[in-house]
Amino acid sequence: MDTWIIKKSDIAKVLNMQLCIDAVETSFRLYGQKKVLMPVKGYLYFESYNGDMRSMSAYIPDFSIAGTKASTVHPDNPARQMPTLTATILLIDPANGIPLAIMDGTYITSMRTGAAGGVAVKYLANEHIETAGFIGAGAQARSLLDAMFVVRPRIRKIKVYDIRENRARTFEEYCRKNYGAEVELEANISDAVRNCQIVNTSTASRQPLFDPAVVSPGTHINAIGADAEGKQELSSSILKKSVLVIDDWAEASHTGEINVPVHMGELTRNDIQAELGEIVTGQKEGRQSESDITVFDSAGLAFQDIVTAWRVYNMLIDNDDFKAQLLKINLAE
Ligand SMILES: NC(=O)c1ccc[n+]([C@@H]2O[C@H](COP(=O)([O-])OP(=O)(O)OC[C@H]3O[C@@H](n4cnc5c(N)ncnc54)[C@H](O)[C@@H]3O)[C@@H](O)[C@H]2O)c1
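Next up, the structure:
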């Protein structure tokens, strides 16, 4: 009846971006094969605190694992030196319901979010990428950057814009230190999008961030920031003219990038090319030509968290040294 307590520092011993991309790609493949059970996310809004809490559960019979993540998003937190997003993951043995592990979910969330962007780029972006743009330079942007360099290692230049200049500077420092890439801090969003072959948006915006005219033909856009009702980073017109790939219709139409245009009646299911799992499994095609603009709408799904957490759990438990350093408690004591 022991439950392992797994902290961020334990997770960081075994989880790198390449492994996380593999785990997230596997999770999308299983979902595309209809081998995942996942109810829609539940949202609780803390209106007077400008925050919310989501409960996200998934069961993966092939791995005999289930779990749930409680995740909070408070966009005003950085001003109080706290992260916007915090999360905790509970892994459950589906055979008997026993809690196997309580894990930090904040680090896994940002890793799997970046990794989902990486999987989308792997399948949807053009092969030759020189310049990647980032709108928003927070926690998700950093993991997206790591994922971009795993799947497109020949990126030469990074452009970044954040409304808080200090965040853009921290991102620049991280990028130079880890990748030695040329980094341009832009004075406005349009310059961060122009002449990029990949654009990553990861802000808590509630209105389109840029004019579609600044997007070059052939660009792939990872729209990551919209993950709750009313959030939006891209205009309907760019969604309509792009090859639009979502992570899941039920989630994305409710809370992802497409949620606002779907509710306004500006976009319908017919405008969606595919879910990412359908592309990973080869059931549907993504990009048709080099000049297509492709968009991946990531609402963020529980199976990404649970498959990643399950990989991490196994890597720690299977290694005697790592296992010896973990805490364990009997919650029923
Ligand atoms: N799709 C997913 O799976 C997923 C997962 C995690 C987080 N998210 C969402 O992604 C967003 C970012 O999360 P985070 O953890 O990186 O937050 P963060 O606060 O660490 O970073 C967000 C950054 O965006 C900047 N920003 C805000 N509005 C902007 C604007 N209009 N233009 C340019 N920059 C702007 C902020 O200054 C901040 O630096 C949130 O909305 C969060 O809910 C989505």
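Residue numbers are given in this note's numbering: position 102 of the sequence shown equals residue 189, and the series is strictly consecutive.
For every residue, glycine included, the Cβ atom is placed at its ideal position computed from N, Cα and C.
Since the model is a prediction, treat every value here as computed from it, not as a measurement.
Which residue from Ser323, Ile195, Val123 and Leu131 puts its Cα closest to that of tyrosine 400?
Taking the first residue of the sequence shown as 1, we reach residue 400 at position 313. The shortest C-alpha separation from tyrosine 400 is found at Ile195.
Taking glycine 192 as the reference, which of Val302, Arg141, Ile333 and Asn417 has the closest Cα?
Position 105 of the sequence shown holds residue 192. Minimum Cα distance to glycine 192 is reached at Arg141.
Reducing DSSP to helix, strand and coil, say where phenylalanine 150 ends up.
On the sequence shown, position 63 is the one that residue 150 refers to. Shown here, phenylalanine 150 sits in a helix according to DSSP, grouped into three states.
Quick check on the burial criterion: 16 or more other C-beta atoms within 10 angstroms. Buried or exposed for isoleucine 250?
By 1-based counting over the sequence shown, the position of residue 250 is 163. Here isoleucine 250 is exposed: its Cβ has fewer than 16 other Cβ atoms, across all protein chains shown, within 10 Å.
beta-carbon lysine 128 near ligand 1 non-hydrogen atom, thresh 7 Å
The sequence position of residue 128 within the sequence shown is 41, counting from 1. Because no heavy atom of ligand 1 lies under 7 Å away, the Cβ of lysine 128 does not count as near it: no.
Do glutamate 112 and valine 347 have their C-beta atoms closer together than 8 Å?
Against the sequence shown, residue 112 aligns to sequence position 25. Against the sequence shown, residue 347 aligns to sequence position 260. Not closer than 8 Å, so no.
Within the present structure, is the beta-carbon of arginine 254 separated from the nearest heavy atom of ligand 1 by less than 7 Å?
As a working mapping, residue 254 is identified with position 167 in the sequence shown. For ligand 1, at least one heavy atom lies less than 7 Å from the Cβ of arginine 254.
Which same chain residues end up closer than 6 Å to alanine 337 when comparing Cβ atoms and leaving out the 5 residues on each side of it in sequence?
Taking the sequence shown and counting its residues from 1, one reaches residue 337 at position 250. Taken in chain order, the residues that qualify are Val127.
Express the C-alpha separation of valine 270 and arginine 263 in angstroms, rounding to a whole number.
Taking the first residue of the sequence shown as position 1, residue 263 is located at position 176. Taking the first residue of the sequence shown as position 1, residue 270 is located at position 183. The C-alpha of arginine 263 lies about 7 Å from the C-alpha of valine 270.
For the putative contact between threonine 90 and alanine 188, defined by C-beta atoms under 8 Å, what is the C-beta separation to the nearest angstrom?
The residue given as residue 90 occupies position 3 in the sequence shown. The residue given as residue 188 occupies position 101 in the sequence shown. Contact flag correct, Cβ pair sits at about 6 Å.
Pull the bridge partners of serine 158 from the DSSP assignment, please.
For the purposes of this step, residue 158 is taken as residue 71 along the sequence shown, with counting starting at 1. Partner(s): Arg141 and Ala174.
Cβ-heavy atom distance between leucine 296 and ligand 1 below 7 Å?
The sequence position of residue 296 within the sequence shown is 209, counting from 1. Yes, Cβ of leucine 296 sits closer than 7 Å to a heavy atom of ligand 1.
Cβ-heavy atom distance between lysine 318 and ligand 1 below 7 Å?
Taking the sequence shown and counting its residues from 1, one reaches residue 318 at position 231. Within the cutoff, so yes.
How far does the beta strand (DSSP E) with methionine 190 in it reach, from first residue to last?
Here residue 190 is taken as the residue at index 103 of the sequence shown, counted from 1. According to the DSSP assignment, methionine 190 belongs to the beta strand (DSSP E) that extends over 186-191.
Mind checking which residues open and close the beta strand (DSSP E) that includes tyrosine 132?
Indexing the sequence shown from 1 puts residue 132 at position 45. Here the beta strand (DSSP E) through tyrosine 132 covers 129-133.
Isoleucine 176 beta carbon less than 8 Å from that of isoleucine 190
For the purposes of this step, residue 190 is identified with residue 103 of the sequence shown, where counting begins at 1. For the purposes of this step, residue 176 is identified with residue 89 of the sequence shown, where counting begins at 1. Strictly speaking, residue 190 in this sequence is methionine, with isoleucine absent from that position. It is a contact, given that the beta carbons lie within the stated cut-off.
State the CB to CB distance for the pair aspartate 149 and lysine 122, rounded to an integer number of angstroms; the pair is presumed to be in contact (CB under 8 Å).
Residue numbering aside, residue 149 sits at position 62 when the sequence shown is read from its first letter. Residue numbering aside, residue 122 sits at position 35 when the sequence shown is read from its first letter. Confirmed, about 6 Å.
What residues in its chain sit with their C-beta under 6 Å from that of glutamine 360, if we drop five residues either side in the sequence?
Looking up residue 360 in the sequence shown gives position 273. Contacts found: Val330, Leu331 and Val332.
Which partner residues does alanine 310 have in the DSSP bridge list?
Here residue 310 refers to the residue found at position 223 of the sequence shown. Answer by DSSP bridge pairing, in chain order: Thr288 and Asp384.
For ligand 1, any of its heavy atoms closer than 7 Å to the Cβ of glycine 220?
To locate residue 220, count along the sequence shown from 1; it is residue 133. Relative to ligand 1, the beta carbon of glycine 220 is positioned no closer than 7 Å to any heavy atom.
Residues in its own chain within less than 8 Å of glutamate 275 by CB, not counting five upstream and five downstream?
In the sequence shown, counting from the first residue as 1, residue 275 sits at position 188. At residue 275 the sequence reads asparagine, which differs from the glutamate that was named. Only Tyr248 meet the Cβ criterion.
Taking the alpha-carbon of glycine 204 as reference, which of Phe133, Ala224, Ala228 and Met402 has the nearest alpha-carbon?
Numbered from its first residue, the sequence shown carries residue 204 at position 117. Nearest C-alpha to glycine 204: Ala228.
Nearest residue (CA-CA) to asparagine 213, options Leu296, Ala291, Gln375 and Asn253:
Position 126 of the sequence shown holds residue 213. The shortest CA-to-CA distance from asparagine 213 to any of Leu296, Ala291, Gln375 and Asn253 is the one to Gln375.
Alpha carbon of valine 286 to alpha carbon of valine 280, nearest angstrom:
Position 199 of the sequence shown, counting from 1, holds the residue named residue 286. Position 193 of the sequence shown, counting from 1, holds the residue named residue 280. Going from the Cα of valine 286 to the Cα of valine 280 covers about 6 Å.
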